[in-house]
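A short worksheet on the structure shown next.
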Amino acid sequence: MITGINHITLAVRDIERSFRFYRDALGFQPVQKSPQSAYFVIGELWLALVQDKKARHSCLPEYTHIAFTVDPEDFTAVRERLIAAGVQEWQQNWTMGESFYFTDPNGHKLEIHASNLEARIEDAKIRYGAETEWFV
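Quick note: the sequence shown, position 9, residue 3 per my numbering, numbers continuous.
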């Protein structure tokens, strides 16, 4: 039985630049760094960066992204730190709660989000109406 997400691995072109971004701009706690990889801990999740010279140079066009939880009282400060780090915003927030959508130095689409699943479900139940099948 699958019980959760174990880790996320992102291919990066420059391990040093990506390490600094995830440590300094996002504030992730590093666990290890080598010339080919770096691991970070984010709550119960672990993020692996692996150097790959074939890694993309720009964003993929679809909506696929990784969202990280931010405490509501920290949202503005984290967003401002990301903007100061030079991130590119790839989408304006159109959902409930505070979200900021941005890319990392390799074009991976990321989000910081200051809400939770329960609030998202309550909002969606109002917005989507009777045509949606709910399991919670």
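Each residue gets a CB set at the ideal place from its N, CA and C atoms; glycine is no exception.
Note that the coordinates shown come from a computational prediction; the quantities given were computed from them, not determined experimentally.
Kindly indicate which residue of the options has the alpha-carbon position closest to the one of residue i.
| i | options | result |
| --- | --- | --- |
| residue 79 | 20, -3, 5, 69 | 20 |
| residue 67 | 46, 55, 92, 60 | 92 |
| residue 1 | 35, 47, 103 | 35 |
| residue 50 | 90, 8, 83, 25 | 8 |
| residue 59 | 127, 100, 128, 126 | 100 |
| residue -1 | 5, 41, 30 | 41 |
| residue 63 | 57, 55, 56, 72 | 72 |
| residue 57 | 115, 86, 126, 130 | 86 |
| residue 90 | 114, 65, 129 | 114 |
| residue 46 | 10, 55, 76 | 10 |
| residue 95 | 23, 128, 69, 126 | 69 |
My understanding is that residue i touches residue j, with C-beta atoms under 8 Å, so please give their C-beta distance in whole angstroms.
| i | j | result |
| --- | --- | --- |
| residue 32 | residue 39 | Wrong, their Cβ atoms sit about 15 Å apart, outside the cutoff. |
| residue 3 | residue 53 | Not a contact, Cβ separation roughly 18 Å. |
| residue 27 | residue 15 | Wrong, their Cβ atoms sit about 13 Å apart, outside the cutoff. |
| residue 103 | residue 88 | Going by Cβ atoms, the distance from residue 103 to residue 88 rounds to 15 Å, so no, they are not a contact pair. |
| residue 105 | residue 61 | 4 Å |
According to DSSP, is residue i helix, strand or coil?
| i | result |
| --- | --- |
| residue 70 | helix |
| residue 119 | helix |
| residue 12 | helix |
| residue 76 | helix |
| residue 56 | coil |
| residue 111 | helix |
| residue 124 | helix |
| residue 19 | helix |
| residue 64 | coil |
| residue 3 | strand |
| residue 49 | coil |
Kindly identify the DSSP beta-bridge partner or partners of residue i.
| i | result |
| --- | --- |
| residue 30 | None; residue 30 has no bridge partner. |
| residue 130 | Residue 130 is not bridged to any residue. |
| residue 85 | 95 |
| residue 25 | For residue 25, which the question treats as bridged, DSSP gives no partner whatsoever. |
| residue 103 | 97 |
Inter-stretch contact (C-beta, 8 Å, three-pair minimum) for the segment 102 to 112 and the segment 120 to 128:
no
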